[in-house]
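> Take a look at this one; I'll ask things after.
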Amino acid sequence: PTFNKIQLTDNNIAIGHILPEHYLPATEAIIKEAINKTKEHIDFIILDWKGCGISKQREELIKLIEKLGLEWKRSDKLNKD
């Protein structure tokens, strides 16, 4: 529902892939596969904060995203920037 709301309310954001919670903890290989299958330029990764599992999993995911040189934003903060 979070990503549907983003798609319906923000015309400047296109969502390429959604990683379900059951894929957590995410691996570098999973993230790279999503990146490589995205044809468009990736400006940032959207994190559904509550859907990112426990705090430790969220921290590991953020470290992985940053290691890959990508920016991330919380879904609940998108319209507040």
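Letter 2 of the sequence shown, counting from 1, is numbered 9 in the working numbering, and no numbers are missing. From the three backbone atoms N, C-alpha and C, an ideal C-beta is built for every residue, glycine too. All values derive from a computational prediction rather than experimental measurement.
Which runs of the beta strand (DSSP E) fall wholly inside the segment 46-81 and span at least 3 residues, in chain order?
52-54, 79-81
> Along the chain, where does the alpha helix (DSSP H) containing residue 12 start, and where does it finish?
9-16
> Out of curiosity, what's the CA-to-CA distance linking residue 28 and residue 56?
11 Å
> Could you please give the first and the last residue of the uninterrupted alpha helix (DSSP H) stretch that includes residue 40?
Start and end: 35-43.
> Just to confirm my understanding: we take residue 75, look at its own chain, exclude 5 residues before and 5 after, and list those with CB closer than 8 Å. What are they?
35, 38, 39, 42
> By the three-class DSSP mapping on this structure, what secondary structure does residue 24 have?
Residue 24 sits in coil when the DSSP states are folded into three classes, being neither helix nor strand.
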